[in-house]
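**Q** Residues in the sequence shown are numbered from 106 upward in steps of one, following the numbering used here.
Beta carbons: idealized from backbone N, C-alpha and C, even for Gly.
On a predicted model such as this, the values are computed, not experimentally measured, just so you know.
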Amino acid sequence: MGVVVGVPGSPLVDVGELAAAPSDTVVLDVRWRLLGPPARSDFEAGHIPGARFVDLDRDLAAPPGPRGRHPLPTAEAFQATMRRFGVSPGALVVCYDDADGSSAARAWWLLRYFGHDSVRVLDGGYAGWLAAGQPVSTAEARVQPGNFVARPGHLPLLDARDAEDMARVGVLLDVRAPERYRGEHEPVDPVAGHIPGAVNLPFSDNVRDSGHFWRRPHLRARFESAGVTDARPVGAYCGSGVNAAQTVLALEVAGFRAALYADSWSGWVTDPARPVAAGDLPG
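1. How many angstroms separate the CA atom of D205 from the CA atom of A349?
2. Consult DSSP for R281 and reduce its assignment to one of helix, strand or coil.
3. Starting from R379, trace the beta strand (DSSP E) in both directions and tell me its first and last residue.
4. Could you tell me which residues DSSP pairs with L262 in its beta bridges?
5. Which of helix, strand or coil does DSSP assign to R337?
6. DSSP state of V112, grouped into three classes?
7. Do F148 and F183 have their beta-carbon atoms positioned less than 7 Å apart in this structure?
8. Are S345 and S309 close, meaning C-beta to C-beta below 7 Å?
9. Bridge partners for F158 per DSSP, in chain order?
10. In terms of alpha-carbon separation, which member of D270, D385, V347 and L235 lies closest to G121?
11. Taking the alpha helix (DSSP H) that L235 belongs to, which residues open and close that run?
12. Could you tell me the alpha carbon to alpha carbon distance between S242 and P307, rounded to whole angstroms?
13. Report yes if the CB atom of L227 is closer than 7 Å to the CB atom of V199, and no otherwise.
14. Output needed for L263: all residues of its chain with C-beta closer than 7 Å, excluding positions within five of it in sequence on either side, in chain order.
15. Could you check whether A246 and R163 sit closer than 7 Å to each other, using their CB atoms as the reference points?
16. In the DSSP assignment, what residue or residues form a beta bridge with C200?
17. Do you know whose CA, among S223, G233, P261 and A144, lies nearest V131's CA?
18. Here's the rule: buried if 16 or more other CB atoms are within 10 angstroms of the residue's CB, otherwise exposed. What is A336?
19. Which residues share a DSSP beta bridge with G173?
20. Would you give the residue range spanned by the alpha helix (DSSP H) that D147 belongs to?
21. State the Cα-Cα distance for the pair H290 and A125, rounded to the nearest angstrom.
22. Let's test the definition: count the other Cβ atoms within 10 Å of the Cβ of A209 and tell me whether it reaches 16, buried, or not, exposed.
23. Would L165 be called buried (16 or more neighbouring beta carbons within 10 Å of its own) or exposed?
24. Cα-Cα, which of L197, Y342, A144 and T179 is closest to V135?
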């Protein structure tokens, strides 16, 4: 069995701690590009030794549909995937991407949502691993199948109605780039704009230029500037529910428990009856 590493209660682990982690730690490479090409070639060119490549589109999402571009996988599908990667109850899982946790957090969130608490995101990602002079590998890991059991409901999840309510009575964070929030530029989805009442707070600013997350005081002040408090419920969404998980993780680092609107903007706009706002203001 692996042991939990990192700051107690933190969803993050640093390079040195991962390098010293037990040999049975399950390391998931979740490098991904929104507009392609697939990141499998990056994994084949070099990865953290023992890592297993996770195809976000296939392994961490159901097929696109009314719930958006990256709907949550079913419990059965996610359980089978994690077992294939060697995840068992109690095993330490560490997820990483290129640097900023924007796709690794999707795996972190899903594991937590489906009941696996011993999971961390590598702070600084693969770039941080390389910068620290740690070894890399091009070999495929030999994986013993695990017996992970997916039990949904361990993290708060919003549907469209919940998101609308959150924007009214709490704080709903739209973590996309400002121009997408304002409705000036929409490169992926068929409708531009944002959910009325949502506050724009781009996920990219949760990390420093190095890709490492800002520490708790900085993140807490950032979220408080958007109206987040211990007394108000908070949720996050993005384009398809991937990058918003990184903000949920950052909120946890800051000491806030947040809900994820997994369908996000791509799911919201599948129903033309749902309202759309544009411009700088929440609307």
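**A** According to the data block:
1. 12 Å
2. R281 falls in the coil class under three-state DSSP.
3. Note, R379: premise wrong, no beta strand (DSSP E); not H, not E.
4. L365, per the DSSP bridge assignment.
5. coil
6. Reliability fails at V112, whose pLDDT of 44 lies under 50, so the model's placement of it is uncertain and the value that follows must be treated cautiously. Of the three classes helix, strand and coil, the one that applies to V112 here is coil, per DSSP.
7. no
8. no
9. Answer is D134, bridged to F158.
10. L235
11. Start and end: G230 to A236.
12. 33 Å
13. Going by beta carbons, L227 and V199 fall inside the 7 Å limit.
14. Taking C-beta separations shorter than 7 Å and ignoring five residues to either side along the sequence, the partners of L263 in its chain run M271, G340, A364, L365 and Y366, following chain order.
15. When the beta-carbon positions are compared, R163 and A246 stay at least 7 Å from each other.
16. L133 and V226
17. Ranking S223, G233, P261 and A144 by Cα distance to V131 puts S223 first.
18. exposed
19. G170
20. R145 to A150 is the span of the alpha helix (DSSP H), which, as asked, contains D147.
21. Using only the alpha carbons, I get a separation of about 44 Å.
22. buried
23. buried
24. For the residues L197, Y342, A144 and T179, the minimum Cα distance to V135 belongs to A144.
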